Structures are given as structure tokens and as C-alpha cells.
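Enquirer: Take a look at this one; I'll ask things after.
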Amino acid sequence: MSDAVPDELWRRRILPSLLVHEVVCVRATCRAKSALVTAGVLVERIDGSLARLTLTGLIDIDRTGPPLIHLCAGGGLCAGAGQQPGLAGLPLVLSAQWLMANLPSKTAFHQLPLAMAIYRLFGHMLTYRGQSLAVQQAGNGAYRIGNVSFRVVPLSELPVNHDYTDGYQTTDPVIRHDTCLYRSFSSSLVESLFIEWGYEEGVGVRWVLQARINQNDPRYRPLLTVAISEQQGGIAVDYRYDRGNLNANPADCRYVLVSGFRPDEVVAAHLSVYGGYIYLHTTEPSAANRPHPLADRYPVSMPR
């Protein structure tokens with residue numbers, strides 16, 4: 000039946016209406032119209048998908064090798080990828096060989112929750128002190144990234160009145176790491192990568208501020224719960240220390256990433272809020288001696 004449809008109609012109407020991986024399937028399965036799916040068509044569609052998903056500059060296809068093999072592999076990636084924050088030193092270029100070996104089908108991509116599946120695409124490119132940060136399957140349904148093991152906590156396992164049931168996402172599920180519970184895999188990942196970044200780069204992380212605030216103070220609870228957007232100047236990572244017991248009386252904790260996640264920022268700073276204290280850590284070297292105010296000693300890290 001496809002033979003009866005003019006090529007021009009395919010180019011103008013049918014191909015533009017298909018998803019990237021469906022266009023790839025046309026080339027593989029439709030003898031009559033496979034010649035219409037050229038490398039140029041796939042590049043245009045993949046670039047459009049990357050732009051729509053705000054992945055431009057974060058993930059790219061290898062454009063240096065044999066075109067159609069690389070592009071067909073990249074098409075499967077775009078089918079499942081979603082919005083992720085921009086990071087420095089990008090894009091990460093995924094080789095067709097790795098994609099074909101590790102993600103031979105769309106089904107293989109969706110074996111993990113979406114956030115974990117996306118991280119799996121580039122985690123093997125990251126290292127910490129010489130150790131790969133690829134996500135790996137461990138025993139008893141657990142996973143491992145570097146020397147950190149964790150497991151997914153399904154919604155059905157959380158008590159009915161648990162705070163993390165609100166807004167639970169199967170695409171970015173709650174994560175258990177030892178005695179701590181994270182609201183999502185992505186928040187756990189951001190905390191791990193960001194907090195450890197200074198040690199990997201060898202610039203040193205300084206503890207420059209400790210402030211006590213009574214946990215009964217009405218201002219304390221909002222520090223742990225009020226939403227913070229990147230536009231407001233930070234990224235909040237929430238977790239709770241419950242000693243591995245979902246029914247225990249937990250201690251809620253929060254990291255607030257202050258700097259180091261925007262393009263061209265060279266200072267990484269974060270606040271820690273837990274146990275009635277607020278701590279500030281930074282990679283910024285001191286610009287003045289101790290008698291000077293913190294704002295003078297650490298002008299980038301301290302809020303104005």
C-alpha cells in the first residue's frame with residue numbers, strides 16, 4: 000500500500016508526523032520507501048528532538064563516522080530521553096558502538112526507570128578517583144554507582160501517610176541509600192555528583208560557616224520544606240535520615256546547591272541544613288583574612 004503513496008507526500012506529510020525511532024523503522028522495514036530516510040532526514044529529526052527535549056548541548060550523536068549506523072542508534076535514544084539540567088563540559092557524545100551493544104532496542108532502554116535509564120547513557124563516561132560511575136546491577140535488586148549502593152523504593156512500599164508518597168514519580172522514584180531516603184533518584188544523583196566534585200577536581204572544599212537554629216523555631220521547618228527553584232538562586236536536594244526504617248521518626252535534611260551548576264561558574268558552594276544547624280561549604284579560596292566579614296572573604300559563595 001505504501002507503494003501507492005507518492006514520495007513527495009511521504010516527505011512532506013508522513014515522515015514529519017513520525018517519531019524519530021519510527022522513522023528509523025521505516026528505513027528498516029519499508030522496502031518501497033526506505034530510500035527516503037536519508038542521513039540528512041535523520042539528522043534533522045534528531046536535532047529537532049534534542050531541541051524539543053532541551054537536550055541540545057547535553058547529549059549528541061557521533062557525527063564523524065558512517066552516518067546511517069550512528070544515526071539509527073541515536074534515534075532510539077531520542078525516543079526515550081527527557082529534560083535534564085545543563086552541565087559544563089558538554090555535550091557528551093555517545094558512540095554508536097556503545098549504544099548498539101548496550102541499548103539494542105527501545106525495550107532495553109526502558110528496563111530502568113526513565114531518570115536512571117538516561118543516566119545510564121552517559122554514566123560510564125564519568126569517573127571519580129579513577130572509578131567508573133556507570134550504574135550497575137547489584138545483588139538483591141539493588142544498584143551501584145561507584146562505591147555507592149542503592150535501591151529503588153516502590154510507591155507500594157511507602158506507608159500511606161509517608162511524605163514521599165506525595166508527587167511520587169515512577170520515572171524518577173524514591174531511592175534508599177543505607178540509612179537515608181531520597182525523594183528521587185535524580186536528587187540523590189545531584190547530591191552525590193555535586194558534593195564530591197571538589198574532591199575529584201582537587202581544589203578542596205572548605206567548611207566556612209556553621210549557624211545554630213533551634214528546631215522548634217518556626218523558621219526552621221520552612222528551610223527544609225519550602226520549594227527552591229534554580230531561578231531563585233539554588234537547587235534543593237531533600238532527603239531524610241530514618242535509619243533504614245520507613246516507619247521511624249525521621250530527621251529531614253536538605254542540601255541547597257548555591258553555585259557551581261551554571262555555565263562558566265568555577266566555584267562550587269552548597270548549604271547543608273540538618274539537626275538544627277546550617278552549614279556552608281565552598282571550593283572558593285579566601286579573598287581576605289579571618290577578621291574580615293564572610294562576604295569579603297568569600298564574595299561568590301555568600302549571598303548578597
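Read in order, the letters of the sequence shown are residues 0 to 303 in our numbering.
Glycine included, every Cβ here is placed at the ideal spot set by N, Cα and C.
No experiment lies behind these values; they were computed from the predicted model shown.
1) How would you label Glu-283, buried or exposed, when you count the other beta carbons within 10 angstroms and need 16 or more for buried?
2) According to DSSP, Leu-208 sits in a beta bridge with which residue or residues?
3) What does DSSP give as the partner residues of Ala-235 in its beta bridges?
4) With the cut-off set at 7 Å, would you say Ala-210 and Ile-277 are in Cβ contact?
5) What are the start and end residues of the beta strand (DSSP E) that includes Leu-180?
6) Do Ser-185 and Asp-171 have their C-beta atoms closer together than 7 Å?
7) Does the beta-carbon distance from Leu-223 to Asp-177 come in below 7 Å?
8) Buried or exposed for Leu-154, going by 16 or more other Cβ atoms inside 10 Å?
9) With H, G and I counted as helix, E and B as strand and the rest as coil, what does DSSP make of Leu-270?
10) Could you tell me if Glu-264 is buried or exposed, where buried requires 16 or more neighbouring beta carbons within 10 angstroms of its beta carbon?
11) Please name the residue, chosen from Val-255, Arg-220, Ser-285, Glu-7, that lies closest to Ile-227 on a Cα-to-Cα basis.
12) Using alpha carbons as the reference points, say which of Leu-113, Ile-144, Gly-129 lies closest to Gly-122.
13) Taking Phe-193 as the reference, give the member of Leu-113, Ile-13, Pro-217, Leu-125 with the closest Cα.
14) Would Gly-74 be called buried (16 or more neighbouring beta carbons within 10 Å of its own) or exposed?
15) Anyone know if the C-beta pair for Val-207 and Tyr-273 falls short of 7 Å?
16) So what's Ser-131 in DSSP terms, helix, strand or just coil?
17) Under the three-state reduction of DSSP, which class applies to Arg-296: helix, strand or coil?
18) With a 10 Å radius around its C-beta and 16 neighbouring C-beta atoms as the bar for buried, classify Leu-8 as buried or exposed.
19) Any idea if Asp-295 is buried or exposed, counting beta-carbon neighbours within 10 angstroms, 16 or more meaning buried?
20) Which runs of the beta strand (DSSP E) at least 3 residues long sit entirely within the stretch 111-173? Give them in chain order.
21) Going straight from the alpha carbon of Asn-146 to that of Gln-136, what length do you get?
22) Using alpha carbons as the reference points, say which of Arg-242, Pro-221, Ser-48, Gly-233 lies closest to Gly-259.
23) Are the beta-carbon atoms belonging to Leu-180 and Asp-237 less than 7 Å from one another?
24) Below 8 Å on the Cβ atoms is my guess for Tyr-118 versus Leu-188; work out the distance and round it to an integer in Å.
25) In the DSSP assignment, what residue or residues form a beta bridge with Arg-175?
26) For my contact list, Val-151 and Pro-112 are in at a C-beta cut-off of 8 Å; report their separation, rounded to the angstrom.
27) By the three-class DSSP mapping on this structure, what secondary structure does Ala-107 have?
28) Could you work out which residue in Val-4, Gly-39, Arg-44, Ala-34 is closest to Ser-16 when comparing CA atoms only?
29) Helix, strand or coil for Ala-226, going by three-state DSSP, please let me know.
30) Sort out for me which residues DSSP pairs Ala-250 with in a bridge.
31) List the whole-angstrom C-beta distance separating Pro-249 from Arg-239, where the pair is believed to meet the contact cut-off of C-beta under 8 Å.
Expert: According to the structure data:
1) To locate residue 283, count along the sequence shown from 1; it is residue 284. It is buried - the Cβ of Glu-283 has at least 16 other Cβ atoms within 10 Å.
2) Numbered from its first residue, the sequence shown carries residue 208 at position 209. Leu-208 is bridged to Leu-279.
3) Indexing the sequence shown from 1 puts residue 235 at position 236. Looking at the DSSP assignment, Ala-235 forms a beta bridge with Val-255.
4) As a position in the sequence shown, residue 210 is number 211, starting the count at 1. As a position in the sequence shown, residue 277 is number 278, starting the count at 1. A contact, by the Cβ cut-off of 7 Å.
5) What you label residue 180 is simply residue 181 of the sequence shown in a count that begins at 1. Note, Leu-180: beta strand (DSSP E), 179-181.
6) Position 186 of the sequence shown, counted from the start, is the residue given in the question as residue 185. Position 172 of the sequence shown, counted from the start, is the residue given in the question as residue 171. Yes. Within cutoff.
7) Translated into positions along the sequence shown, residue 223 becomes position 224. Translated into positions along the sequence shown, residue 177 becomes position 178. No, Cβ-Cβ distance for Leu-223 and Asp-177 is not below 7 Å.
8) One-based indexing of the sequence shown puts residue 154 at position 155. That one is exposed.
9) Counting from one through the sequence shown, the residue named residue 270 turns up at place 271. Three-state DSSP puts Leu-270 in a strand.
10) Within the sequence shown, the letter at position 265 stands for residue 264. Exposed, since its Cβ has fewer than 16 Cβ neighbours within 10 Å.
11) Counting from one through the sequence shown, the residue named residue 227 turns up at place 228. Of Val-255, Arg-220, Ser-285, Glu-7, the residue nearest in Cα terms is Val-255.
12) For this step, residue 122 is matched to residue 123 along the sequence shown. Taking only the C-alpha atoms, the option nearest Gly-122 is Ile-144.
13) Counting from one through the sequence shown, the residue named residue 193 turns up at place 194. The residue with the shortest Cα to Cα distance from Phe-193 is Leu-125.
14) The residue given as residue 74 occupies position 75 in the sequence shown. Here the model assigns Gly-74 a pLDDT of 40, short of 50, so the residue's position is not dependable and the matter cannot be decided.
15) Here residue 207 corresponds to residue number 208 of the sequence shown, with the count starting at 1. Here residue 273 corresponds to residue number 274 of the sequence shown, with the count starting at 1. No; because the gap between Cβ atoms is not below 7 Å, this pair is not in contact.
16) Start at 1 with the first residue of the sequence shown, and residue 131 comes out as number 132. In the structure shown, Ser-131 sits in a strand (DSSP, three-state: E or B).
17) To locate residue 296, count along the sequence shown from 1; it is residue 297. Note: Arg-296 maps to helix in three-state DSSP.
18) Locating residue 8 in the sequence shown gives position 9, where the first residue counts as 1. Exposed, by the Cβ-count rule.
19) In the sequence shown, residue 295 corresponds to position 296, counting from 1. Looking at its Cβ environment, which holds fewer than 16 other Cβ atoms inside 10 Å, Asp-295 is exposed.
20) 134-136, 142-144, 147-152
21) In the sequence shown, the residue the question calls residue 146 occupies position 147. In the sequence shown, the residue the question calls residue 136 occupies position 137. Whole-angstrom Cα-Cα distance: 12 Å.
22) Along the sequence shown, one-based indexing puts residue 259 at 260. Closest option to Gly-259, Cα to Cα, is Gly-233.
23) As a first step, residue 180 must be located in the sequence shown, where it is residue number 181. As a first step, residue 237 must be located in the sequence shown, where it is residue number 238. Cβ distance not < 7 Å, so Leu-180 and Asp-237 don't count as in contact.
24) Looking up residue 118 in the sequence shown gives position 119. Looking up residue 188 in the sequence shown gives position 189. That pair is a contact at about 6 Å.
25) Walking along the sequence shown from the start, residue 175 turns up at place 176. For Arg-175, which the question treats as bridged, DSSP gives the partners Arg-150, Leu-180.
26) Indexing the sequence shown from 1 puts residue 151 at position 152. Indexing the sequence shown from 1 puts residue 112 at position 113. Going by Cβ atoms, the distance from Val-151 to Pro-112 rounds to 7 Å, so yes, they are a contact pair.
27) For the purposes of this step, residue 107 is taken as the residue at position 108 of the sequence shown. Three-state result, Ala-107: helix.
28) As a working note, residue 16 is residue 17 in the sequence shown. That would be Arg-44, whose Cα lies nearest to the Cα of Ser-16.
29) Here residue 226 refers to the residue found at position 227 when the sequence shown is read from its first residue. In the structure shown, Ala-226 sits in coil (DSSP, three-state: anything other than H, G, I, E or B).
30) For this step, residue 250 is matched to residue 251 along the sequence shown. Per DSSP, Tyr-240.
31) Residue mapping note: residue 249 aligns to position 250 of the sequence shown, counting from 1. Residue mapping note: residue 239 aligns to position 240 of the sequence shown, counting from 1. With 8 Å as the limit, Pro-249 and Arg-239 qualify as a contact, their Cβ atoms being about 4 Å apart.
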